[in-house]
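Numbering (the numbering used here), first residue to last: 973 to 1434. In what follows, a structure is listed as structure tokens, so that the remarks can point back to it.
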Ligand code: CMC
């Protein structure tokens, strides 16, 4: 592969790579280095700098990976400037209209939409894995009733690795496939039990004649003493939310899963690391944060005050559900979510006082020069919370639903790492070291008599 070639000289490299290269000039030394340009099927070209260090003795510096491609991937494509999202080439809008969540899982995992038979077999396999080992169920009792359900998710999904370690050889494709099926199938059960536990209600067993979304609703809201009737509007809304959250290429949690998996670690433990990463308010935790923010705003008159706070550099407050690393245009998922929000509330006959606040906030922010200049638009999390509230989901469970949906994306990326990509290696970024130069150990007697001020150090001050 051209990317791996080390050339005898800069001239030879430039000649061989021709136009499909980028030349880097070191202005300290005048040396020239040539790097191949690699093209994907969509999106900007990348400069392959995998032999940068061997050529130049230097690394790249890119905190937050704003300009760095970490892998090759066939799964999801985002055009952030145009607001396009494709799963395996299919536009998200078409998938939301034409597919159900398990079709999308199949598509993400296998690259094609399932035929009727493939779809039926896949659904049968997934439903076969929905129950939890009874001993895993007893784990829940170790948590405080008030524990955040995402904390429980991290713990219980991580604990799956203790149950399935001996039959999870990551180098065996069959065992990888079974691990993937187990993860996708068990997530609704694990997530709903976190909720049931907080309520003190009995855990429900999954029911295999229901769809993925119907089963999730039943696990969440049914009690053994009563028949549970599934509202088809709610089931459809949940299915749509699951599809919209199923994958989003190399986001923080997916990159976490890939990095954890790159060492050959147990996949259940890798997915637990993805859940931990997702939980933060800058990522999947934003849906919960949006709802809390709308509550805090309280009424339309207060919006300008909060918008002003979001623009104030000295105030840590941000408009939650706004902005995205990749989308510099409307997040296409937010467009669908906004539309869906109106439909679901209308169909259910729910009038949520938070909706007018959200609509007005969006209107004001989209006209504000700060948000226009920084290209900050509503993202997927802005309206999802209002839909989830209307369907009866408690706010702390919002990010759990995101984790349930995203599991297939994490698993598809984890699977892809083992699918013959010869560039796949353990993930190991480098750093710009800014600490002390080498120095000799100081004996206690000669150390300065400082009074401890650790808080200052923890606050990042020297
Ligand atoms: N409110 C106010 N200002 C903002 C916001 C916001 N929501 N988002 C970004 N900015 C400003 C930020 O202060 C910065 O200003 P300056 O250039 O003057 O320093 C500029 O916009 C760029 O922001 P950034 O933090 O450098 O951008 P990023 O790409 O590192 O962060 C983000 C992206 C999503 C973390 C950020 O926009 C954010 O914190 N948004 C709110 C949280 C949120 O809604 N997250 C959900 C993301 S979508 C779901 C998912 O896939 O995870």
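Beta carbons are placed, not taken as given, at the ideal position from N, Cα and C, and that holds for glycine. Bear in mind that the values here come from a model prediction, so they are computed numbers and not experimental data.
Close-in-space but distant-in-sequence residues of the same chain around residue i (CB under 6 Å, 5 per side omitted)
{"i": "residue 1399", "result": "1231 and 1234"}
{"i": "residue 1010", "result": "1018 and 1020"}
{"i": "residue 974", "result": "In this predicted model, residue 974 has a pLDDT of only 39, less than 50, meaning its place in the structure is not dependable enough to derive any value."}
{"i": "residue 1325", "result": "none"}
{"i": "residue 1095", "result": "1074"}
{"i": "residue 1200", "result": "1190 and 1194"}
{"i": "residue 976", "result": "In this prediction, residue 976 has a pLDDT of 46, which is less than 50 and means its spatial position is unreliable; nothing more can be read from the coordinates."}
{"i": "residue 1049", "result": "1014 and 1058"}
{"i": "residue 1250", "result": "1225, 1256 and 1375"}
{"i": "residue 1304", "result": "1055, 1057 and 1064"}
Which listed residue (the options) has its alpha carbon closest to that of residue i
{"i": "residue 1395", "options": "998, 991, 1042 and 1008", "result": "1042"}
{"i": "residue 1370", "options": "1160, 1289 and 1106", "result": "1160"}
{"i": "residue 1038", "options": "1193, 1381, 1299 and 1353", "result": "1299"}
{"i": "residue 1115", "options": "1418, 1106 and 1127", "result": "1127"}
{"i": "residue 1099", "options": "1156, 1060 and 1251", "result": "1156"}
{"i": "residue 1306", "options": "1135, 1337, 1350 and 1318", "result": "1350"}
{"i": "residue 1054", "options": "1212, 1366 and 1015", "result": "1015"}
{"i": "residue 1136", "options": "1180, 1167 and 1237", "result": "1237"}
{"i": "residue 1274", "options": "1258, 1336, 1068 and 1321", "result": "1336"}
{"i": "residue 1344", "options": "1248, 1302 and 1174", "result": "1302"}
{"i": "residue 1113", "options": "1139, 1150 and 1170", "result": "1170"}
{"i": "residue 1158", "options": "1379, 1393, 1339 and 1367", "result": "1379"}
{"i": "residue 1331", "options": "1149, 1272, 1151 and 1340", "result": "1272"}
{"i": "residue 1134", "options": "1342, 1110 and 1241", "result": "1241"}
{"i": "residue 1245", "options": "1123, 1421 and 1414", "result": "1123"}
{"i": "residue 955", "options": "993, 1243, 996 and 1030", "result": "This structure gives no information on residue 955, because the portion of the chain shown stretches from 973 to 1434."}
{"i": "residue 1401", "options": "1409, 992, 995 and 1030", "result": "1030"}
{"i": "residue 1312", "options": "1220, 1333, 1356 and 1340", "result": "1356"}
{"i": "residue 1220", "options": "990, 1268, 1012 and 1296", "result": "1296"}
{"i": "residue 1407", "options": "993, 1093 and 1434", "result": "1434"}
Residue range of the alpha helix (DSSP H) that includes residue i
{"i": "residue 1247", "result": "1239-1251"}
{"i": "residue 993", "result": "That residue, residue 993, is in no alpha helix (DSSP H); its beta strand (DSSP E) goes 993-997."}
{"i": "residue 1075", "result": "1073-1082"}
{"i": "residue 1059", "result": "Careful: residue 1059 lies outside any alpha helix (DSSP H), inside the beta strand (DSSP E) at 1056-1059."}
{"i": "residue 1135", "result": "1121-1135"}
{"i": "residue 1269", "result": "1258-1269"}
{"i": "residue 1408", "result": "From DSSP, residue 1408 is part of no alpha helix (DSSP H); its letter is neither H nor E."}
{"i": "residue 1039", "result": "Taken as a continuous stretch (DSSP letters only), residue 1039 belongs to no alpha helix (DSSP H), as it is neither H nor E."}
{"i": "residue 1394", "result": "Taken as a continuous stretch (DSSP letters only), residue 1394 belongs to no alpha helix (DSSP H), as it is neither H nor E."}
{"i": "residue 1311", "result": "1304-1320"}
{"i": "residue 1187", "result": "1184-1193"}
{"i": "residue 1436", "result": "Examination of residue 1436 is not possible in this model, given that the chain is present from 973 through 1434 alone."}
{"i": "residue 1160", "result": "1145-1171"}
{"i": "residue 1295", "result": "Unbroken run through residue 1295: none, as it is neither H nor E."}
Residue range of the beta strand (DSSP E) that includes residue i
{"i": "residue 1008", "result": "1004-1010"}
{"i": "residue 1225", "result": "Note, residue 1225: premise wrong, no beta strand (DSSP E); alpha helix (DSSP H) at 1224-1233."}
{"i": "residue 1050", "result": "1048-1051"}
8 Å Cβ cutoff met for residue i and residue j
{"i": "residue 1223", "j": "residue 1255", "result": "yes"}
{"i": "residue 1352", "j": "residue 1292", "result": "no"}
{"i": "residue 1028", "j": "residue 1005", "result": "yes"}
{"i": "residue 1191", "j": "residue 1207", "result": "no"}
{"i": "residue 1129", "j": "residue 1162", "result": "yes"}
{"i": "residue 1226", "j": "residue 1052", "result": "no"}
{"i": "residue 1372", "j": "residue 1125", "result": "yes"}
{"i": "residue 1247", "j": "residue 1375", "result": "yes"}
{"i": "residue 1278", "j": "residue 1348", "result": "no"}
{"i": "residue 1102", "j": "residue 1239", "result": "no"}
{"i": "residue 1229", "j": "residue 1385", "result": "yes"}
{"i": "residue 1260", "j": "residue 1368", "result": "yes"}
{"i": "residue 1327", "j": "residue 1317", "result": "yes"}
{"i": "residue 1165", "j": "residue 1366", "result": "no"}
{"i": "residue 1329", "j": "residue 1266", "result": "yes"}
Contacting residues, own chain, Cβ-Cβ under 7 Å from residue i (five flanking each side not counted)
{"i": "residue 1000", "result": "none"}
{"i": "residue 1282", "result": "1289, 1290 and 1291"}
{"i": "residue 1393", "result": "1044"}
{"i": "residue 1390", "result": "1142 and 1148"}
Closer than 7 Å: residue i CB and nearest ligand 3 heavy atom
{"i": "residue 1122", "result": "Among the ligands modelled here, namely ligand 1, ligand 3 does not occur."}
Same chain only: Cβ atoms within 8 Å of residue i, ignoring 5 sequence neighbours per side
{"i": "residue 1046", "result": "1060, 1083 and 1388"}
{"i": "residue 1377", "result": "1073, 1213, 1214, 1215, 1216, 1217 and 1218"}
{"i": "residue 1079", "result": "1059, 1060, 1062, 1067, 1071, 1085 and 1086"}
{"i": "residue 1032", "result": "1021, 1024 and 1040"}
{"i": "residue 1205", "result": "1316, 1319 and 1320"}
{"i": "residue 1197", "result": "none"}
Given 8 Å, three or more beta-carbon pairs between the stretch 1053-1068 and the stretch 1215-1227
yes
Given 8 Å, three or more beta-carbon pairs between the stretch 1358-1373 and the stretch 1020-1035:
The answer is no - the stretch 1020-1035 does not touch the stretch 1358-1373, with fewer than three Cβ pairs under 8 Å.
Can at least three beta-carbon pairs, one atom from the stretch 1140-1150 and one from the stretch 1106-1115, be found at a separation below 8 Å?
no
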